[in-house]
Amino acid sequence: MEQVTEKLDKVKEGVKETLLGSEVDAEVGEASAQYRNLFMQFAKKTDDEDGEYYMTAKEFVDAIAPAGEDYHKITRDQYEVLFHIADRRQQNRITLQDWYVFNNLLTRPSAEYEMAFRLFADDSTGLVDYNTFKEVYARAQTSKSIPFNWDSDWAKLYLGGKKNRHSLTYPQFSQMLRGLQGERIRQAFLHFDTNGDGYIEPEEFQQIIVEIAGHKLSDHLLENLPTLCNISPGSRISYANVRAFQNIIREMDLVELIVRNAVKKSADGKITRIDFLNEAARSTRFSQFTPMETDILFHFASLDQPSGRLGLTDFSRVLDASWTAYSQLNNSTAPIGDAALKAVAASGSFLSDVLVSAHHFALGAVAGAFGAFMVYPIDLVKTRMQNQRSSAVGQLLYKNSVDCFSKIIKQEGFTGLYAGVLPQLIGVAPEKAIKLTVNDIVRGKFINTKTGEIPLWAEILAGGSAGGCQVIFTNPLEIVKIRLQVQGEAIRAAAREGEQIKKRSALWIVRHLGLKGLYKGASACLLRDVPFSAIYFPTYSHLKRDFFGESPTKKLGVLQLLTAGAIAGMPAAYLTTPCDVIKTRLQVEARKGDSSYSGLRDCARKIMREEGPKAFFKGGIARIMRSSPQFGFTLAGYEVLQTLLPLHGHDDHAAAPSVVGGGSTLSEVNAPLPYLRCRNALKLINDLDLGFGKIKAQNSEQSKSWLGALRN
């Protein structure tokens with residue numbers, strides 16, 4: 001019951017923030033609001049009367065290690081070791097304040113090293129004590145670990161000799177970590193080089209690398225480590241080979257940069273050793289790769305398919321820890337050739353963009369259809385009022401919009417209010433998608449990337465362009481919708497005169513009009529939609545920013561967005577009513593006794609002469625009543641759909657893969673920066689020993705004991 005109440009409280013808070021928005025104190029900032037939201041998403045509530053929220057190790061891991069990320073080398077449960085850094089008071093739980101402190105730590109440029117340091121540092125002194133460090137290190141080692149001598153000459157240079165031990169400051173500890181892996185490799189080599197001839201067996205080399213750098217390399221590479229002996233005569237591996245390999249894995253980021261630059265300059269997307277070394281000379285000033293290091297890189301990159309020319313897919317087996325062997329699909333397409341692989345590689349980001357665009361298009365279509373359906377009766381009344389001629393034979397059918405609405409209900413039933421709704425719903429999808437997309441594209445061309453500002457004239461141009469582009473899709477659907485909307489009154493008018501008119505379907509109207517007829521009144525449609533969007537989009541943008549105060553520290557709620565959309569729609573709808581009246585008159589089939597029009601000018605002239613200037617604003621109020629809530633319903637629907645139907649694996653911060661093929665990619669990681677810093681911190685801690693990342697307390701007493709060893 002308490003859990004249900006707790007969840008209800010969270011839901012209430014979430015709904016309140018979604019509807020009304022949330023404002024962040026200038027001192028707290030946007031980041032702190034995000035930290036709090038994430039904390040509340042996973043936190044539990046104490047049984048106390050005050051009900052403080054907290055997270056245990058499980059909730060902490062769920063928060064910092066989101067499901068669905070790449071945990072190929074560092075599993076999710078290993079992230080629990082970072083919980084002991086966040087748990088400042090050693091209570092096996094962290095509060096919101098602890099969470100703030102931990103996330104503030106993640107924002108520091110050297111957060112990875114600071115987290116590793118805090119795992120061992122004494123809170124009171126801010127130093128790493130030698131004896132405690134050595135004890136915890138020994139406790140974390142696995143039974144199969146290669147021994148490490150902390151009394152070696154290398155260790156003495158950092159920690160002092162037995163008689164002159166000293167604690168490590170943060171800079172000293174960080175620098176020791178930087179060189180630790182090299183010393184571990186040196187000691188491990190000496191451990192296996194029992195006869196002192198400077199050579200070890202391939203299997204011994206594999207054991208060294210798996211234990212020391214297994215968390216950074218792909219399984220495929222680790223399995224093939226013994227083949228290093230093949231790069232030179234003989235069947236054993238020298239210390240020079242081991243050091244060269246260690247230098248390659250330590251400089252993986254630099255190697256990848258050089259490879260990418262060299263591949264870009266290659267006509268076929270492949271490079272040789274000479275291409276790599278030439279590009280390295282251009283890209284670096286002080287870092288040089290030896291011939292042996294280059295040979296090792298190309299040896300492991302060409303496993304399974306030896307070749308003098310290699311592409312990004314080949315190098316990914318060395319540089320990407322998540323690299324997997326070719327899938328069956330890739331094997332079946334491999335014979336197609338390099339051109340096909342390059343085409344697939346070039347299309348990777350495109351296909352990802354298409355998927356995201358299709359997702360947004362679908363949500364926009366559904367939300368737009370929902371908004372259009374909700375206000376459709378108002379739209380139908382507006383059309384009937386605009387089409388009513390003062391010069392028509394007989395009395396006026398409708399006195400006003402209310403009279404029109406009531407008569408439709410009385411004479412045609414409730415379904416009469418939705419006559420022609422299907423074409424409208426079909427037309428909403430391309431209309432909304434095109435309008436929003438074109439507006440964003442044009443705005444993007446003129447926006448100042450440094451300040452994020454855009455001139456007013458550019459906003460108007462973007463909106464007008466968006467309105468103009470949508471006409472090619474919306475005009476045919478508009479004309480069909482309008483003819484279906486006025487069909488009911490035409491049938492009743494004919495019946496009064498003793499004539500009978502069949503009720504026509506949308507398909508019959510399309511066939512009857514033909515392609516040319518479907519674009520009748522397109523010029524008037526342009527005349528209406530271009531100024532409408534030119535007014536609407538800039539107004540909506542400025543209302544959000546200048547009136548409601550949207551900023552990096554204030555996120556608007558759905559109600560504020562709806563209000564901004566509704567207000568922006570009012571001037572846009574009313575000021576373009578004359579254009580809408582002309583469009584309606586041109587697209588509706590004239591009845592007997594009604595004036596007919598040959599074009600824009602003829603229509604405007606006859607309306608002015610026969611009905612006066614007020615006729616141009618017929619249905620203006622109904623148009624406002626329709627457009628404003630329609631945008632409101634559309635935005636509300638879109639917000640809800642985004643929450644209910646997220647596109648898993650894609651977000652606004654995702655980086656598109658740069659290479660596709662061969663069952664692997666070399667790409668930026670699709671994850672938030674705080675998660676990446678946590679992952680990198682674990683890699684640093686694993687550089688000490690792989691056992692550190694696998695520490696997992698079986699119960700609270702063991703956890704406290706382990707923490708005590710760290711802190712005391």
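So for the sequence shown, UniProt numbering puts the first residue at 1; every next one is plus one. Just so it is clear, CB atoms sit at the ideal spot from N, CA and C, and this is done for glycine as well.
- Message: Suppose you measure from the CA of alanine 383 to the CA of valine 480; what does that come to, to the nearest Å?
- Response: The displayed chain sequence assigns threonine, not alanine, to residue 383. Rounded to the nearest angstrom, the gap between the Cα atoms of threonine 383 and valine 480 is 12 angstroms.
- What number of angstroms, rounded off, separates the C-alpha of proline 629 from the C-alpha of arginine 317? The straight-line gap separating the alpha-carbon atoms of proline 629 and arginine 317 is approximately 55 angstroms.
- Grab the span of the alpha helix (DSSP H) containing isoleucine 209 for me, first residue to last. Isoleucine 209 -> alpha helix (DSSP H) spans 202 to 213.
- Query: Can you check whether the CB of asparagine 387 is closer than 8 angstroms to the CB of threonine 577?
  - Reply: For threonine 577 and asparagine 387, no; Cβs fall outside 8 angstroms.
- Task: State the DSSP-derived secondary structure class of lysine 216, mapped to helix, strand or coil.
- Result: In the structure shown, lysine 216 sits in coil (DSSP, three-state: anything other than H, G, I, E or B).
- Tell me the start and end of each unbroken alpha helix (DSSP H) in the region 102 to 139 that is at least 4 residues and wholly inside, in chain order. Within the region 102 to 139, the complete alpha helix (DSSP H) runs of at least 4 residues are 111 to 120.
- How is the alpha helix (DSSP H) around glutamate 256 delimited, first residue to last? Glutamate 256 -> alpha helix (DSSP H) spans 252 to 264.
- Task: Could you tell me which of Leu127, His299, Gly179 and Arg184 sits nearest to cysteine 229, measuring between CA atoms?
- Result: Ranking the options by Cα distance to cysteine 229, first place goes to His299.
- Indicate whether isoleucine 237 and isoleucine 212 have their beta-carbon atoms separated by less than 8 angstroms. No, the Cβ-Cβ distance between isoleucine 237 and isoleucine 212 is not below 8 angstroms.
- Which of helix, strand or coil DSSP assigns to tyrosine 79: Of the three classes helix, strand and coil, the one that applies to tyrosine 79 here is helix, per DSSP.
- Residues sharing a beta bridge with isoleucine 237, DSSP: Residue pairing from DSSP places isoleucine 237 in a beta bridge opposite Ile200.
- Message: With a threshold of 6 angstroms on Cβ separation, who are the neighbours of residue 715 within its own chain once the five nearest residues in sequence on each side are excluded?
- Response: With the chain running from 1 to 712 in the structure shown, residue 715 is simply not present.
- Rounded to the nearest angstrom, how far is the Cβ of leucine 586 from that of alanine 524, given a contact under 8 angstroms? The C-beta distance from leucine 586 to alanine 524 rounds to 5 angstroms, short enough to fall under 8 angstroms.
- Residues in its own chain within less than 6 angstroms of aspartate 62 by CB, not counting five upstream and five downstream? Excluding residues within five positions, the ones whose Cβ falls inside 6 angstroms are Phe42.
- Item | Candidates Ile231, Arg89, Gln175 and Trp154, of which the one nearest glutamate 112 by Cα | When Ile231, Arg89, Gln175 and Trp154 are compared, the shortest CA-CA separation from glutamate 112 is found for Gln175.
- Query: Can you list, in chain order, the residues of its chain whose CB lies under 6 angstroms from that of alanine 121, leaving out five sequence neighbours each side?
  - Reply: Closer than 6 angstroms at the Cβ level, and outside the excluded window around alanine 121, lie Val128.
- Query: Assuming threonine 294 contacts arginine 273 under a Cβ cut-off of 8 angstroms, what Cβ separation, rounded to an integer in Å, is found between them?
  - Reply: The Cβ separation is near 5 angstroms, so the contact holds.
- Item | serine 152, enclosing alpha helix (DSSP H) - first and last residue | Unbroken run through serine 152: none, as it is neither H nor E.
- Message: Cutting at 6 angstroms between CB atoms, please list the residues of its own chain near glutamine 246, excluding the five before and the five after it.
- Response: Once the five neighbours on either side are set aside, the close Cβ partners of glutamine 246 are Ile185.
- Query: Looking only at DSSP bridge pairs, what is lysine 520 linked to?
  - Reply: Its beta-bridge partners do not exist; DSSP assigns none.
- Item | Inter-residue CB distance, alanine 568 and phenylalanine 548 (contact presumed, cutoff 8 angstroms) | Rounded, the Cβ-Cβ distance is 12 angstroms, inconsistent with contact.
- Task: Find the nearest neighbour of alanine 321 within the set Trp508, Asp253 and Leu277, judged by alpha-carbon distance.
- Result: Closest by C-alpha distance to alanine 321, out of Trp508, Asp253 and Leu277, is Asp253.
- Item | Distance between beta carbons of glutamine 187 and serine 145, contact taken as under 8 angstroms | Not confirmed; about 12 angstroms, so no contact.
- Task: Taking 8 angstroms as the threshold, find out whether the region 671 to 689 comes into contact with the region 96 to 114 through three or more Cβ pairs.
- Result: Touching, yes, given that three or more Cβ pairs across the two stretches are closer than 8 angstroms.
- Message: In the DSSP output, what is lysine 44 paired with across the bridge?
- Response: DSSP links lysine 44 through a beta bridge to Tyr54.
- Whole-number beta carbon distance between leucine 690 and glycine 214, since they are thought to touch under 8 angstroms: The C-beta distance from glycine 214 to leucine 690 rounds to 7 angstroms, short enough to meet the 8 angstroms contact threshold.
- Query: By the 10 Å Cβ neighbour count, where 16 or more other Cβ atoms means buried, how is glutamate 114 classified, buried or exposed?
  - Reply: By the neighbour-count rule (16 or more Cβ atoms within 10 Å), glutamate 114 is buried.
- Go ahead and pull the three-state DSSP assignment for isoleucine 447. For isoleucine 447, the three-state secondary structure derived from DSSP is coil.
- Between which two residues does the alpha helix (DSSP H) carrying arginine 545 extend? Annotation for arginine 545: no alpha helix (DSSP H) segment contains it, and DSSP assigns it neither H nor E.
- 6 angstroms Cβ shell around aspartate 580 - same chain, five flanking residues per side excluded: Here the set comprises Arg528.
- Which one of Gly234, Tyr597 and Ile258 has the shortest CA to CA distance from serine 287? When only C-alpha atoms are compared, the closest one is Ile258.
- Item | Euclidean distance between Cα positions of glycine 463 and proline 66 | Rounded to whole angstroms, glycine 463 to proline 66 spans 38 angstroms at the Cα level.
- Message: Using the Cβ count rule (16 or more neighbours within 10 Å means buried), how would you classify phenylalanine 414?
- Response: Looking at its Cβ environment, which holds fewer than 16 other Cβ atoms inside 10 Å, phenylalanine 414 is exposed.
- Message: My assumption, with CB atoms under 8 angstroms, is that leucine 363 sits in contact with leucine 645. Please give the rounded CB distance.
- Response: Rounded, the Cβ-Cβ distance is 7 angstroms, consistent with contact.
- May I ask you to report which of helix, strand or coil DSSP gives isoleucine 271? DSSP, reduced to helix, strand and coil, places isoleucine 271 within a strand of the structure shown.
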